[in-house]
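J.: Sharing a structure with you now.
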Amino acid sequence: MADHASRKIRIDCLDGLRGLASLWVMVGHALLLTGWRLPVLSEPDLGVDLFIMLSGFLMVFHYQLRAGKEPWDLSSTWIRFWVRRFLRIAPLYYVLLAVAFMLGAWLFESRMVIDAFLERTPQSPQRYLDNGVRNGLMHVSFLFGLSPDYAYRTPLPDWSIGLEMQFYAAFPFIMLLLKKGGWLKGALFTAVIALAIVSTLSLFGVHFPMPAFLPLKMHIFLSGMLLALSLHADGPKAVLHGGAAMALALLPIGGDMTMTKMLMRVMLVAVFFALLYHRLAGDGLGARLRAVSSSLGNRFFHWLGELSFGAYLWHLIFLQPIAAYFIGAFGDTMTAPVRFAVVTAILVPLVYTAACMTFFAVEKPGQRLAKRLIDRRKPQPVGA
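Start counting the sequence shown at 34; every next residue gets the next number (my numbering).
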């Protein structure tokens with residue numbers, strides 16, 4: 034009974050997985066921009082997929098956790114949810130967006146040095162140099178992820194931030210659909226709708242440079258949601274939900290769709306499932322998985338998770354100038370592994386220092402503001 038209650042309140046591995054996902058994206062981009070390649074680590078898009086899966090999981094987890102005091106048949110619950118999520122993301126994003134716009138020309142010059150040295154197709158100048166009012170408004174309003182022209186138009190890795198905001202906007206409606214139709218049927222129906230939208234856009238020649246449009250990644254969000262929905266299910270039902278989550282990860286949409294990459298996405302779901310449901314494994318394997326899950330919740334991983342959002346937003350601002358400097362200064366006289374090691378050794382402490390500063394200066398005040406705003410609101414029935 035005590036174990037059931039603790040699972041209900043806290044899941045140890047979540048902090049560590051958030052922190053490792055952010056670190057994976059940073060290391061993956063460092064590998065790509067220094068010209069070295071390592072298996073798995075050189076796939077930062079998989080780190081983003083892990084973030085997306087965790088987001089789907091966490092939204093449902095908190096939905097279930099607050100169901101008693103924040104019923105979803107009240108309009109105030111929806112508003113609280115949106116206020117809480119907006120002020121979790123927007124304050125730091127707006128600060129980093131301003132920084133990216135101010136440093137855009139310098140970052141573009143750095144990226145040109147990197148792309149020329151690595152003999153890659155140069156980045157679009159618009160991504161770094163468009164400081165126009167329209168581009169600014171599209172990003173401040175978080176509408177940029179709905180437009181192929183604006184979804185990838187800042188130096189930040191923010192295509193996924195617009196994607197998150199679309200998910201938050203749609204989440205209450207998705208949960209109503211899943212509750213009405215049943216978790217598995219509702220998830221399948223939602224995935225089919227997403228696939229139909231993507232197929233229709235493809236027929237009309239609409240192409241997103243990054244999977245910034247919610248239907249392109251809805252299946253990954255749903256994978257995390259299904260894992261959370263089965264937290265209190267018995268063993269067979271939990272396994273069924275886990276299998277459905279893995280099947281969703283195989284849908285051929287939303288990025289690199291080679292069989293290798295799709296299988297790697299399935300492995301992400303499988304690892305997450307194993308850490309969540311270690312009680313279903315035998316005594317030996319279950320104990321080892323429980324130990325890993327517990328370790329991912331220790332103090333170090335707690336802070337790695339707390340700083341994950343800031344690290345994700347900051348890292349390209351530091352990475353591109355640092356990589357460009359070592360490429361310009363040493364060229365081919367420095368091997369790719371050494372260049373990666375030196376760049377990463379400088380990058381990581383800088384990024385986490387900046388993330389720590391903005392966590393306390395920007396993110397925490399945003400969360401406190403959300404709490405104050407939410408506490409002032411009185412519940413109102415839907416349709417009242």
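Glycine is no exception: its CB is placed at the ideal position from the N, C-alpha and C atoms.
Just the Cα atoms here: how many angstroms apart are MET34 and LYS212?
T.: Caution is warranted here: a pLDDT of 32 is assigned to MET34, below 50, making its placement in the model unreliable, and the coordinate value is therefore given only provisionally. If I take the Cα positions, the gap works out to 26 Å.
J.: Do you know how far the Cα of SER157 is from the Cα of THR366?
T.: 29 Å
J.: Relative to the alpha-carbon of HIS348, which residue among ASP45, ARG51, HIS62 has its alpha-carbon at the smallest distance?
T.: HIS62
J.: Taking PRO22 and LEU140 to be in contact with their CB atoms under 8 Å, please state how far apart those CB atoms are, rounded to whole angstroms.
T.: Since the first residue shown for the chain is 34 and the last is 417, residue 22 is missing from the structure and cannot be characterised.
J.: Kindly indicate the opening and closing residues of the alpha helix (DSSP H) around VAL304.
T.: 292-309
J.: For PRO155, count neighbouring Cβ atoms within 10 angstroms of its own Cβ and tell me buried if that reaches 16, exposed if not.
T.: exposed
J.: Can you grab the Cα-Cα spacing for the pair VAL371 / GLU152, in whole Å?
T.: 19 Å
J.: If contacts are defined as beta-carbon pairs under 8 Å, then ILE253 and MET86 qualify, I think. What distance do you get, rounded to the angstrom?
T.: 6 Å
J.: Please determine if the region 58-75 and the region 309-326 are in contact, where contact requires at least 3 C-beta pairs separated by less than 8 Å.
T.: no
J.: Rounded to a whole number of angstroms, what is the C-alpha to C-alpha distance between GLY343 and ALA149?
T.: 29 Å
J.: Taking contact to mean at least 3 C-beta pairs separated by less than 8 Å, is the region 347-361 in contact with the region 123-143?
T.: The region 123-143 and the region 347-361 touch, with three or more beta-carbon pairs separated by less than 8 Å.
J.: Quick one: residues in its chain with C-beta nearer than 8 Å to the C-beta of PRO414, no 5 flanking neighbours on either side, listed in chain order?
T.: Its pLDDT being 49, under 50, PRO414 is placed unreliably in this model, and the coordinates cannot settle the point.
J.: Apart from the five residues just before and just after MET145, which ones in its own chain have a Cβ nearer than 7 Å to its Cβ?
T.: Same-chain partners within the cutoff: PRO155.
J.: Would you check if the distance between the CB atom of VAL173 and the CB atom of TYR201 is smaller than 8 Å?
T.: No, they are not a contact pair.
J.: Tell me the rounded alpha-carbon separation between SER39 and ASP45.
T.: Residue placement at SER39 cannot be trusted, given a pLDDT of 37 that sits under 50; the coordinates are not used to answer.
J.: Determine contact between the region 108-122 and the region 62-72, defined as no fewer than three beta-carbon pairs at a distance below 8 Å.
T.: no
J.: So what's LEU383 in DSSP terms, helix, strand or just coil?
T.: helix
J.: Let me know if PRO242 comes out buried or exposed under the rule of 16 or more other beta-carbons within 10 Å of its beta-carbon.
T.: exposed
J.: Should TYR183 and PHE175 be called a contact, given that it needs their Cβ atoms to be closer than 8 Å?
T.: no
J.: The alpha helix (DSSP H) that contains GLY319, what's its start and end?
T.: Segment 316-328, the alpha helix (DSSP H) holding GLY319.
J.: Of all the alpha helix (DSSP H) runs that stay within the bounds of the region 146-227, which reach a length of 4 or more residues?
T.: 158-162, 166-173, 192-214
J.: Within its chain, find whatever has a CB closer than 7 Å to the CB of HIS311; leave out the 5 residues flanking it on each side and keep chain order.
T.: GLY319, LEU322, ARG323, SER326
J.: With DSSP collapsed to three states, give me the class of LEU337.
T.: helix
J.: At 4 residues or longer, and completely inside the region 86-151: list those alpha helix (DSSP H) runs for me, N to C.
T.: Taking 4 residues as the minimum length, the alpha helix (DSSP H) runs contained wholly in the region 86-151 are 108-135, 137-150, in order along the chain.
J.: Going by beta-carbon coordinates alone, are MET208 and TYR345 separated by less than 8 Å?
T.: no
J.: What residues in its chain sit with their C-beta under 6 Å from that of PHE334, if we drop five residues either side in the sequence?
T.: ASP48, GLY49, GLY52
J.: Hey, could you find the ends of the alpha helix (DSSP H) MET279 is sitting in?
T.: For MET279, the enclosing alpha helix (DSSP H) covers residues 268-282.
J.: Quick check: does the Cβ of SER180 come within less than 7 Å of any heavy atom belonging to the ligand FAD?
T.: Among the components of this structure there are no ligands whatsoever, and the ligand FAD is therefore not found.
J.: At what residues does the alpha helix (DSSP H) containing ALA261 begin and finish?
T.: 247-262
J.: Just verifying my parser: in three-state terms, what is the DSSP assignment at HIS240?
T.: Shown here, HIS240 sits in coil according to DSSP, grouped into three states, outside any helix or strand.
J.: I'd like to know whether the C-beta atoms of LEU125 and GLU396 end up nearer to each other than 8 Å.
T.: yes
J.: Tell me whether the beta-carbon of LEU65 lies closer than 8 Å to the beta-carbon of LEU301.
T.: Cβ atoms of LEU65 and LEU301: not closer than 8 Å.
J.: So, at 7 Å on beta carbons, what are the nonlocal neighbours of GLU103 in its own chain, with the 5 sequence-adjacent residues on each side left out?
T.: THR110, ARG113
J.: On the DSSP letters alone, give me the boundaries of the alpha helix (DSSP H) that VAL60 sits inside.
T.: 46-67
J.: Alpha carbon to alpha carbon, how far is LEU56 from LEU228? Give it in angstroms, no decimals.
T.: 30 Å
J.: Apart from the five residues just before and just after MET297, which ones in its own chain have a Cβ nearer than 8 Å to its Cβ?
T.: VAL73, GLU76, LEU79
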